[in-house]
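**Q**
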Amino acid sequence: MKNEILTFGTNYKLNDGIKTIVQSAKNTSGALTVIGVDLDRETIKYIEDNKGKYVDGRELSIKHNIDLTLSPYTLKVIFYTLYCKRYTDSDNVFICDFTDVYFQRDIFKLINDNKVTVHSELKKIETCPTNSTWINTCFGSEVYDNIKNNNIINSGTFYGKRKNINTLLDKMCTEVVRALGFCGNYLIIDQPAMNKLVYEQPDIFEVREDNKVYNLAHNTETDFTLKENYISLNNYESYVLHQYDVNEKLKTFIYEKVK
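According to the working numbering, the sequence shown is numbered sequentially starting from 10.
1. So which of 225, 240, 246, 202 has the shortest CA-CA distance to residue 252?
2. Rounded to whole angstroms, what is the Cα-Cα separation between residue 58 and residue 149?
3. Under 8 Å between the Cβ atoms of residue 95 and residue 37?
4. For residue 63, report the span of its beta strand (DSSP E) as first-last.
5. Among residues of its own chain, excluding the 5 on either side of residue 175, which ones have a beta-carbon nearer than 7 Å to its beta-carbon?
6. I think residue 116 touches residue 168, with their Cβ atoms under 8 Å apart; what is that distance to the nearest whole Å?
7. Cβ of residue 219 within 7 Å of any heavy atom in the ligand COA?
8. Does residue 18 come out as helix, strand or coil in the three-state DSSP assignment?
9. With DSSP as the reference, label residue 250 as helix, strand or coil.
10. Going by C-alpha distance, which of 56, 185, 42, 138 is nearest residue 23?
11. From residue 212 to residue 50, what does the alpha carbon distance come to, in whole angstroms?
12. Within the continuous beta strand (DSSP E) that includes residue 280, where are the two ends?
13. For residue 259, collect the residues of the same chain with a Cβ closer than 7 Å to its Cβ; drop the 5 residues on either side in sequence, then sort them by chain order.
14. Starting from the N-terminal side, write out each stretch of the alpha helix (DSSP H) that is 4 residues or longer and does not extend beyond the segment 94 to 169.
15. I think residue 17 touches residue 53, with their Cβ atoms under 8 Å apart; what is that distance to the nearest whole Å?
16. On the criterion of 16 or more Cβ atoms from any shown chain inside 10 Å, does residue 73 qualify as buried, or is it exposed?
17. Going by the DSSP bridge assignment, what does residue 42 pair with across the sheet?
18. Measuring alpha carbon to alpha carbon, tell me which of 111, 88, 109, 118 ends up nearest residue 101.
19. Would the segment 153 to 162 and the segment 178 to 194 be scored as touching if the rule is three or more Cβ pairs under 8 Å?
20. Taking Cβ to Cβ, would you say residue 222 is nearer than 8 Å to residue 248?
21. Let's see if you can read the secondary structure: which residues bound the beta strand (DSSP E) around residue 174?
22. With DSSP collapsed to three states, give me the class of residue 30.
23. Pairs of beta-carbons, one from the segment 126 to 139 and one from the segment 180 to 187, closer than 8 Å: are there three or more?
24. Out of curiosity, what's the CA-to-CA distance linking residue 12 and residue 60?
25. So what does residue 233 bridge to, in DSSP terms?
26. Taking residue 223 as part of the beta strand (DSSP E), name the residues at either end of that continuous run.
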């Protein structure tokens, strides 16, 4: 069985966030693949020197006629779909953002054989002006009204058997195309699309609310503790911390920890 962490980035130079995902993935969950468009040579070398795999997204875009003027948040859905179908034979895939993810434990121990696992932010859509704007802009008020009473699903971290991931990504592409026709090349389409799918087609998802993957966008000032070398926020035993960079103290601690 092969496990693979998959991420995407464009126009990055090497920074502490990139070092963090590379080092923490290597130390916990294993093989990391970065699909990159115009990453600098130092970043590519760092990834490859630390047992990661680099895939040149610009080369893929030429080969498969991908429009690189699309938003990076749209491009990542396209690249993930292409890569998972055509360029890997991994059994399990964890898809995540690039510069704000820290692995503490082996995330693949949590794989659901039958569904794609996503994580709730434990905050209602209608209470978040940002997510409300994204959904209304991408899919209109009717879709928004139908799902606004549910918790926000974060699209920056999801995982499962690759066959299930492929099913999800096909559906994501359909929603992205629908949104592009509705609102044009909007910056953020992936998260509205994910939330629409989770609440319209729940049978293909496992929604976890235990913060095993902790999306920290709403925890800018939350204190943290260290228990047996694992970072704990709000007493959750998290396998992965996402968006840790919203919390300056936590970000500084993690950067020092992975050096």
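Every residue gets a Cβ at the ideal spot worked out from N, C-alpha and C, and that includes glycine.
**A** So, from the data block:
1. Working through the sequence shown from its first residue, we reach residue 252 at position 243. Closest by alpha carbon: 225.
2. Numbered from its first residue, the sequence shown carries residue 58 at position 49. Numbered from its first residue, the sequence shown carries residue 149 at position 140. Cα-Cα distance, rounded: 46 Å.
3. Position 86 of the sequence shown, counted from the first residue, corresponds to residue 95. Position 28 of the sequence shown, counted from the first residue, corresponds to residue 37. Contact: no.
4. Within the sequence shown, the letter at position 54 stands for residue 63. Taken as a continuous stretch (DSSP letters only), the beta strand (DSSP E) holding residue 63 covers 62 to 65.
5. Position 166 of the sequence shown holds residue 175. The answer, listed in chain order, is 93, 94.
6. Here residue 116 is taken as the residue at index 107 of the sequence shown, counted from 1. Here residue 168 is taken as the residue at index 159 of the sequence shown, counted from 1. Contact flag correct, Cβ pair sits at about 6 Å.
7. This structure lacks the ligand COA; in fact it carries no ligand of any kind.
8. If you number the sequence shown from 1, residue 18 lands on position 9. Collapsing the DSSP output to three states places residue 18 in a strand.
9. Here the question's residue 250 lines up with position 241 in the sequence shown. Three-state result, residue 250: strand.
10. The sequence position of residue 23 within the sequence shown is 14, counting from 1. Residue 23 has its Cα closest to that of 56, out of 56, 185, 42, 138.
11. As a working note, residue 212 is residue 203 in the sequence shown. As a working note, residue 50 is residue 41 in the sequence shown. Each residue's Cα considered, the two are about 43 Å apart.
12. Nothing in the structure corresponds to residue 280, since the chain is present only between 10 and 268.
13. Taking the first residue of the sequence shown as position 1, residue 259 is located at position 250. 233, 253, listed in sequence order.
14. You should have 138 to 156.
15. Residue mapping note: residue 17 aligns to position 8 of the sequence shown, counting from 1. Residue mapping note: residue 53 aligns to position 44 of the sequence shown, counting from 1. Their Cβ separation, rounded to whole angstroms, is 14 Å, which puts residue 17 and residue 53 out of contact at 8 Å.
16. Working through the sequence shown from its first residue, we reach residue 73 at position 64. With fewer than 16 other CB atoms across the displayed protein chains lying within 10 angstroms of its CB, residue 73 is exposed.
17. If you number the sequence shown from 1, residue 42 lands on position 33. Answer is 15, 62.
18. For this step, residue 101 is matched to residue 92 along the sequence shown. The shortest CA-to-CA distance from residue 101 to any of 111, 88, 109, 118 is the one to 118.
19. The segment 153 to 162 vs the segment 178 to 194: no contact.
20. As a working note, residue 222 is residue 213 in the sequence shown. As a working note, residue 248 is residue 239 in the sequence shown. Inclusion of residue 222 and residue 248 in the CB contact set at 8 Å is warranted, their separation being smaller than that value.
21. Translated into positions along the sequence shown, residue 174 becomes position 165. Segment 171 to 192 is the alpha helix (DSSP H) holding residue 174; no beta strand (DSSP E) there.
22. On the sequence shown, residue 30 is found 21 positions in, with the first residue counted as 1. DSSP places residue 30 in helix when its eight states are reduced to three.
23. No contact exists between the segment 126 to 139 and the segment 180 to 187.
24. Locating residue 12 in the sequence shown gives position 3, counting from the first residue. Locating residue 60 in the sequence shown gives position 51, counting from the first residue. Residue 12 and residue 60 have their C-alpha atoms some 14 Å from each other.
25. One-based indexing of the sequence shown puts residue 233 at position 224. DSSP output for residue 233 lists 242 as bridge partner(s).
26. Here residue 223 refers to the residue found at position 214 when the sequence shown is read from its first residue. Element bounds for residue 223: 222 to 224.
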